[in-house]
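No gaps in the numbering here: position 133 of the sequence shown is 180 in my numbering, and each next residue is one more.
The C-beta atom is built at its ideal place from N, Cα and C for all residues, glycine as well.
Just so it is clear, the structure is predicted and the values come from calculations on it, not from any experiment.
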Amino acid sequence: MGLSELILNLIFPPRCVFCEEVRKKKDTGAFCISCADELPYTSDGGRQEGGYFGFCVSPFYYEGDVRKSVRRYKFDGAEGYCEPYGKILSDFIASQPEVEFDILTWVPISEERLEERGYNQAESLAQRVADNLGASAADTLRKPFDTAPQSEIPKRQERLDNVIGAYEVINPSTVRGKRVLILDDVITTGATLNECAKTLLEAGAESVICATLARTPIDGEYSIART
């Protein structure tokens with residue numbers, strides 16, 4: 048640890064990304080030891096079947112401190128969370144033998160939302176995961192116009208309708224014949240990932256699977272029929 052980093056840690060001691068408590072020397076992982084025993088881990092990789100994407104896996108349920116943490120990351124400017132999140136998600140992906148891919152990408156946001164937020168939380172996460180895995184990260188999709196936030200739409204069909212035609216492939220040759228892994232922070236109904244996967248498959252991708260940091264609890268689970 049360099050002198051400047053040591054001084055910063057003394058002035059601004061690192062805190063756990065989930066509970067926000069000051070981390071102790073014994074907390075050597077991506078989050079504190081206390082949280083390690085209490086976080087809402089998914090079972091069987093939190094696998095959720097898709098419509099156009101084959102499946103999505105997630106290490107956590109989107110509840111409790113995980114939900115609070117992700118909302119800070121997504122809406123409150125905590126972009127630095129992408130570092131511990133990236134470590135968590137890359138380790139998780141490496142532990143899932145069925146997650147095989149050629150290129151890794153992310154869910155895009157509109158220029159309007161990017162200007163408002165200052166960063167795309169899915170891209171920041173994906174770049175860290177790619178670095179950790181030594182994988183190829185590619186900017187494959189764009190969102191040419193803004194849509195209502197999915198988190199503000201309670202009904203499943205309305206979520207599906209909200210993202211129809213919302214994405215475009217930047218360069219079809221990037222994804223043609225490739226197995227694509229899409230990363231995002233949270234999967235709820237799967238509508239956003241489903242539309243992204245559909246767009247990539249129509250551009251010639253061989254297959255699409257997904258991984259997110261968190262997913263809605265199992266009681267709210269359902270699959271999207273491929274139409």
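When DSSP states are grouped into helix, strand and coil, R94 belongs to the coil group.
Per DSSP, the beta bridge partners of D231 are T259. Contact between V233 and A261 holds, with the beta-carbon distance rounding to 5 Å and staying under 8 Å.
Excluding the 5 residues flanking it on each side, F65 has same chain C-beta neighbours closer than 6 Å at F78, C82, D112, S116, in chain order.
In this structure, the beta-carbon distance from V216 to T187 falls below 8 Å. Around the beta-carbon of I211, fewer than 16 other beta-carbon atoms lie within 10 Å, marking it exposed. Inter-segment contact for the region 87 to 106 and the region 225 to 242 is present: three or more beta-carbon pairs are separated by less than 8 Å. Counting along the chain, F139 sits inside the alpha helix (DSSP H) bounded by residues 129 to 141. Of the residues assessed, S90 falls on the exposed side of the cut-off, its CB having fewer than 16 other CB atoms within 10 angstroms.
Excluding its 5 nearest sequence neighbours in each direction, E170 has C-beta neighbours in its own chain below 6 Å: W153, listed in chain order. Excluding the 5 residues flanking it on each side, Y132 has same chain C-beta neighbours closer than 6 Å at L172, L260, in chain order. Counting the other Cβ atoms within 10 Å of the Cβ of V222 gives 16 or more, which makes it buried.
Per DSSP, C243 is one residue of the alpha helix (DSSP H) stretching across 238 to 249. Distances from the alpha-carbon of Q168 to those of A213, G124, G237 put G124 closest.
Beta-bridge annotation (DSSP): I150 is paired with V227. For C63, there is no enclosing alpha helix (DSSP H), since its DSSP letter is neither H nor E.
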